[in-house]
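A.B. asks: What the sequence shown shows, in our numbering, is residues 726 to 1378, in sequence order. Below you will find the structure I want to go over with you.
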Amino acid sequence: MTTAPDDQFAADVDLDTALRHPLDPLDGDEIARAARIIAAAFAQDEEVRYERIELLEPAKDVVRAWTPGARVERRARFSFYRRGRIGVTEGVLSLDKGAVEESRDLPEARPMIMLEEFLEIEACVKAHPDFIAACRRRGIENIDLVCVDPWSAGEFGVPGEEGKRLSHTFCWVRTRADENFYAHPIEGVNAVVDVDNMVVIRVDDYYRDREPLKVPMTESNYDARFFDRFQEPGKPLDIIQKDGPSFTVEGRKLSWMGWDVRVGFNGREGLVLHQVGYTQDGERRPVMHRASLAEMVVPYGSPDNAHHRKNVFDIGEYGLGKLANSLTLGCDCLGAIRYMDAWVNGVDGTPVKIENAICIHEEDFGLGWKHWDFRTDATEVRRMRRLVISSISTVGNYEYASYWYLYQHGMIEFEMKATGIINTVGCEPGKPSKYGVEVLPGVQGQIHQHLFCARLDMEVDGPQNSVVECNVVVPPMGEGNPYGNAFYEEQTVLKTEKQARRTIDPSTMRYWKVVNPNVRNAVGKPTAYKLEPMSAVTAFTNPESPSGKRGGFIYNHLWVTPFHPDERYPAGEYVNQCEGGQGLPAWTAADRPVENADVVLWHVFGLHHPVRPEDFPVQPVVTCGFKLMPSGFFDRNPMIDLPPAKNKASCCV
Ligand code: CO
726 MTTAPDDQFA
736 ADVDLDTALR
746 HPLDPLDGDE
756 IARAARIIAA
766 AFAQDEEVRY
776 ERIELLEPAK
786 DVVRAWTPGA
796 RVERRARFSF
806 YRRGRIGVTE
816 GVLSLDKGAV
826 EESRDLPEAR
836 PMIMLEEFLE
846 IEACVKAHPD
856 FIAACRRRGI
866 ENIDLVCVDP
876 WSAGEFGVPG
886 EEGKRLSHTF
896 CWVRTRADEN
906 FYAHPIEGVN
916 AVVDVDNMVV
926 IRVDDYYRDR
936 EPLKVPMTES
946 NYDARFFDRF
956 QEPGKPLDII
966 QKDGPSFTVE
976 GRKLSWMGWD
986 VRVGFNGREG
996 LVLHQVGYTQ
1006 DGERRPVMHR
1016 ASLAEMVVPY
1026 GSPDNAHHRK
1036 NVFDIGEYGL
1046 GKLANSLTLG
1056 CDCLGAIRYM
1066 DAWVNGVDGT
1076 PVKIENAICI
1086 HEEDFGLGWK
1096 HWDFRTDATE
1106 VRRMRRLVIS
1116 SISTVGNYEY
1126 ASYWYLYQHG
1136 MIEFEMKATG
1146 IINTVGCEPG
1156 KPSKYGVEVL
1166 PGVQGQIHQH
1176 LFCARLDMEV
1186 DGPQNSVVEC
1196 NVVVPPMGEG
1206 NPYGNAFYEE
1216 QTVLKTEKQA
1226 RRTIDPSTMR
1236 YWKVVNPNVR
1246 NAVGKPTAYK
1256 LEPMSAVTAF
1266 TNPESPSGKR
1276 GGFIYNHLWV
1286 TPFHPDERYP
1296 AGEYVNQCEG
1306 GQGLPAWTAA
1316 DRPVENADVV
1326 LWHVFGLHHP
1336 VRPEDFPVQP
1346 VVTCGFKLMP
1356 SGFFDRNPMI
1366 DLPPAKNKAS
1376 CCV
């Protein structure tokens, strides 16, 4: 539907455009205004619940043609649902015109599970008599101490679950107030909640006909208030930049050591990098139009009790942006820090400000390059720095900390630091299942994976790029390889989407390059960036299984698509309880050409996580990620002309 422009809304358009860029995320006023426009168009007598209100990013040609101060119409994408019934209405509205421009109803789609629903789900489960009875059977008298986590339900075809938006919950209990409940899993009790009506539809007790597993009651805390002594800390380690950091910020644009990038953010993906480019000799060269972590899934390997239902898509089903932390100076962030706030929408449409959601700083990265000439005894050495853009999100038990790094030698890196608390499951003390590792007597952590998909909308020296696969070829020993030492790299252009569904191959040291066939470097080759797949993971969920179908993107480490503005999420736009087949597997079935085209690279990487006792009670950071390295983008080492320097604050001890 389309509604006529409404003067009431057109009146308060903010025309102050001094620092505004077309890709700047919606601010709080814009989110509030969008919610009012939606409510006026749709609310009638039903309660509208806002899933997402975010910037509709203008077309690339509009963005590229933009000049500072120019006014670009501000438009928003939105999706909302209504209390009491499934389905989503999505559309586009103009903030300038104050009108909904297009919308459509998706009667089967389920919106994400919203932060505001987490505690409502817990409260409704804890009030249910069957749930209370299951707790009592396990010796739990004080239901107030029970904690219920609102896991997404997936689509398993369970009778009675159809036609609803659900949470399939898991639960734990505290021994006392604020104590770490994850040390005390209540095994085999799973309440299933109809989230739209906030009612429990079923309480499964897997021990209904047998003696329930005892709830392990050994405490294992991480909160400082539960410690009466601490290990010796180190001496102060301060990062001091008395002249300030080397980056500059104008609006949301960061400039640093030749690099510039615009910092975006939305409720689903969290941190987004726009328009990453490098300026050399006064010429700005684009590298990426847009980069984000677009989806992730955490499949667990245990078929015991209800654990097969744990396949959570933390981005598509919850939203990393909505769950971003306000970061703390001197704790999350060390040194000379520049923060940016983020705005997301609350379920009632009110704008929610996450203060200090994005941390920007500069880090020493050790040795940059060095050479000692043994003939002249002359040494040249340069250190290297990197610019760090980061944010941290808490999704239930886990923390996902996203770090984008820009380096002086032209590399772009993404690093995911995963921490937080493993999902714990009860077991008989000393007898974890083969799917788990005991971390505390009677407490096991099950084998699982964290599979991420980065969406990398590349523009290496311009929008027209090709993707080339590089494999090492070893000629057979004999004529052409008489000494058996021969090996070389063979490059193959991935011409279509199906050809570009690829996995890593350690036997050929496979990697991929994004090349610009229209721009040549000093040695006559296309300029390029290579993708180093450092953390490719083999997925073990069966592709035909309920969870495998929903997470079809995990079965390749590389996908390439021609840019389409609506192809944003590798598992589809509405992931919660979908049947699967959406997103990358569906789009790439069209087998569109991707040679010398405006390509989007999708890289799947992650963490394979057989749990260790050291992961409890809070897992020390483990990391995964990928690198985008210049590979013939520069004609020489781009940091060769850094002036020599000696750090004067360094001292001998
Ligand atoms: Co893990």
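By construction, the Cβ of each residue, glycine as well, lies at the ideal position given by its N, Cα and C atoms. Just so we're clear, the structure is a prediction, and the values are computed from it rather than from any experiment.
Using a Cβ-Cβ cut-off of 7 Å (strictly less than) and excluding sequence neighbours within five positions of residue 913, which residues of its own chain qualify?
C.D. replies: Within the same chain, 930, 931, 932, 937, 938, 1030 come within 7 Å of residue 913 by CB-CB distance, once the 5 residues on both sides are set aside.
A.B. asks: Residue ranges of each alpha helix (DSSP H) run of no fewer than 4 residues wholly in the segment 1302-1362, ordered along the chain?
C.D. replies: 1309-1313
A.B. asks: May I ask which residues mark the beginning and end of the beta strand (DSSP E) holding residue 1238?
C.D. replies: 1236-1245
A.B. asks: Given 7 Å as the limit, tell me if residue 1333 has its C-beta closer than that to any heavy atom belonging to ligand 1.
C.D. replies: no
A.B. asks: CB of residue 1173 to nearest heavy atom of ligand 1: below 7 Å?
C.D. replies: yes
A.B. asks: If we ignore side chains and look at the alpha-carbon of each, how far apart do residue 793 and residue 995 end up?
C.D. replies: About 26 Å.
A.B. asks: Please name the residue, chosen from 1209, 1087, 955, that lies closest to residue 947 on a Cα-to-Cα basis.
C.D. replies: 955
A.B. asks: What residue range does the alpha helix (DSSP H) around residue 763 cover?
C.D. replies: Boundaries of the alpha helix (DSSP H) around residue 763: 753-767.
A.B. asks: Which of helix, strand or coil does DSSP assign to residue 1084?
C.D. replies: strand
A.B. asks: Whole angstroms are fine: how far does the CA of residue 1321 sit from the CA of residue 1196?
C.D. replies: 21 Å
A.B. asks: Rounding to the nearest angstrom, what Cα-Cα distance links residue 1266 and residue 1095 in this structure?
C.D. replies: 46 Å
A.B. asks: Determine the burial state of residue 1081: buried for a count of at least 16 other Cβ atoms within 10 Å of its Cβ, exposed for fewer.
C.D. replies: Residue 1081 is classed as buried because its beta carbon has at least 16 other beta carbons within 10 Å across all chains shown.
A.B. asks: Suppose you measure from the CA of residue 1172 to the CA of residue 1335; what does that come to, to the nearest Å?
C.D. replies: 5 Å
A.B. asks: Between 1130, 1316, 1318, which has its C-alpha nearest residue 981's C-alpha?
C.D. replies: 1130
A.B. asks: Measure the C-alpha to C-alpha separation of residue 1086 and residue 756 and round it to an integer number of angstroms.
C.D. replies: 28 Å
A.B. asks: Which whole-angstrom value is the C-beta distance of residue 1286 and residue 1204, which I expect to be below 8 Å?
C.D. replies: Their Cβ separation, rounded to whole angstroms, is 43 Å, which puts residue 1286 and residue 1204 out of contact at 8 Å.
A.B. asks: Can you find the residues in the same chain that come closer than 8 Å, C-beta to C-beta, to residue 1370, ignoring five residues on each side of it along the sequence?
C.D. replies: 1107, 1108
A.B. asks: Quick one: Cα of residue 803 to Cα of residue 812, how far?
C.D. replies: 14 Å
A.B. asks: Confirm, please, whether the CB-CB distance from residue 1161 to residue 1262 is below 8 Å.
C.D. replies: Residue 1262 is not a Cβ neighbour of residue 1161, given a cutoff of 8 Å.
A.B. asks: Residue 1139 and residue 750: beta carbons closer than 8 Å?
C.D. replies: No, these two residues do not count as a Cβ contact at 8 Å.
A.B. asks: For the alpha helix (DSSP H) containing residue 857, name the first residue and the last one.
C.D. replies: That run of the alpha helix (DSSP H) goes 854-862.
A.B. asks: What does the alpha-carbon distance come out to for the pair residue 1132 and residue 829?
C.D. replies: 44 Å
A.B. asks: Taking DSSP's pairing of strands, which residues face residue 989 in a bridge?
C.D. replies: 997
A.B. asks: Quick check: the Cα distance between residue 1375 and residue 964, rounded to an integer number of angstroms?
C.D. replies: 12 Å
A.B. asks: In chain order, which continuous runs of the beta strand (DSSP E) of length 3 or greater are located wholly inside the segment 1099-1138?
C.D. replies: 1103-1120, 1123-1132
A.B. asks: Would you say residue 811 touches ligand 1, meaning its beta carbon is less than 7 Å from a heavy atom?
C.D. replies: no
A.B. asks: Should residue 1232 go down as buried or exposed, given a rule of 16 or more other Cβ atoms within 10 Å for buried?
C.D. replies: exposed
A.B. asks: From 1099, 1121, 1137, pick the residue whose C-alpha is nearest to that of residue 1110; which is it?
C.D. replies: 1137
A.B. asks: So which of 893, 1247, 1359 has the shortest CA-CA distance to residue 1302?
C.D. replies: 893
A.B. asks: Between the Cα of residue 826 and those of 833, 801, 834, spot the shortest distance and give me the residue it belongs to.
C.D. replies: 801
A.B. asks: Output the boundary residues of the beta strand (DSSP E) element that contains residue 849.
C.D. replies: Careful: residue 849 lies outside any beta strand (DSSP E), inside the alpha helix (DSSP H) at 840-851.
A.B. asks: Quick one: what does DSSP say residue 1041 is sitting in, helix, strand or coil?
C.D. replies: helix
A.B. asks: Ligand 3 and residue 1279: does the residue's C-beta get closer than 7 Å to at least one heavy atom of that ligand?
C.D. replies: Only ligand 1 can be found as ligands here, which leaves ligand 3 out of the picture.
A.B. asks: Assign residue 1023 to buried or exposed, taking buried as 16 or more other Cβ atoms, counted over all protein chains shown, within 10 Å of its Cβ.
C.D. replies: A residue is called buried once 16 or more other Cβ atoms fall within 10 Å of its Cβ, and residue 1023 is buried on that count.
A.B. asks: Measuring straight from C-alpha to C-alpha, what distance separates residue 1050 and residue 1201?
C.D. replies: 56 Å
A.B. asks: Which residues in the same chain have their Cβ closer than 7 Å to the Cβ of residue 727, if we skip the five residues on either side of it in sequence?
C.D. replies: At residue 727, the pLDDT of 42 sits below 50, so the modelled position is not reliable and the matter cannot be decided from this model.
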